[in-house]
């Protein structure tokens, strides 16, 4: 396989989607079937073109994570964290432990893994460690101001109930708007964003799914 970050091959197109811990949990619970992204990356344009060409677009989830690594030169040495390990040594066979923030935040405080420094941002998650993916069926431009409560629910807002202190809001749309402002700094009803709709996320590596699909097609 070529670079899996964003590529096409054998009737499939792979693209990464970054999610916050609470939205990762909403995806795992099957409560989130849509996401909106600002048009700042060419990834979504290329994915839309792939859909129009008849390719199956699969999005693999990048999330906050942390890993510890054994020193290949001294296996008796205490494992190092991501920020103390040279890039050339961050290999799968050197990983001594792996954690997902979305999982750890659901555990009792005393049982959670706390990274030595901080959680590693989603953009640095290696492809071979992703655990979830989804089949994308539409990528369209949409105006933020045209969103409804139903759209906000489709975005996984129900996944925030009891898990995030969002305060009192009169509607699901108000919750979504509050989160959007928290993430992007402002709400502009006239802003046009990519609306990405997908089937219920599936667990496991996307490569195994592709292999099965190819065997069926053969």
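In our numbering, the protein residues as written are 81 to 298.
Idealized CB from N, CA, C, for every residue including glycine.
Reducing DSSP to helix, strand and coil, say where residue i ends up.
i, result
"residue 156", "coil"
"residue 169", "helix"
"residue 283", "strand"
"residue 220", "strand"
"residue 202", "helix"
"residue 122", "coil"
"residue 105", "helix"
"residue 128", "helix"
"residue 269", "coil"
"residue 197", "coil"
"residue 242", "Unreliable placement is indicated for residue 242, whose pLDDT of 48 sits below 50; the coordinate value is still reported in the next sentence. Of the three classes helix, strand and coil, the one that applies to residue 242 here is coil, per DSSP."
"residue 97", "strand"
"residue 263", "helix"
"residue 228", "coil"
"residue 211", "coil"
Can you tell me which residues form a DSSP beta bridge with residue i?
i, result
"residue 180", "145"
"residue 161", "148"
Sort the options by Cα distance to residue i and report the nearest one.
i, options, result
"residue 121", "251, 98, 107", "98"
"residue 262", "134, 89, 100", "100"
"residue 112", "180, 216, 267", "216"
"residue 233", "91, 103, 268, 220", "103"
"residue 280", "115, 87, 94, 89", "115"
"residue 126", "218, 231, 179", "218"
"residue 183", "169, 163, 211", "211"
"residue 283", "89, 109, 87", "109"
"residue 231", "205, 132, 275, 192", "275"
"residue 289", "137, 164, 267", "137"
"residue 106", "90, 267, 266, 238", "238"
"residue 205", "188, 167, 272, 221", "167"
Just confirm the distance between the C-beta atoms of residue i and residue j, as a whole number of angstroms; I'd bet it's less than 8 Å.
i, j, result
"residue 207", "residue 235", "Not a contact, Cβ separation roughly 25 Å."
"residue 148", "residue 177", "4 Å"
"residue 142", "residue 195", "Not confirmed; about 17 Å, so no contact."
"residue 140", "residue 96", "6 Å"
"residue 253", "residue 227", "6 Å"
Can you find a C-beta in chain C that's less than 8 Å from the C-beta of residue i?
i, result
"residue 206", "Looking at the structure shown, chain C is missing, and only one protein chain is on hand."
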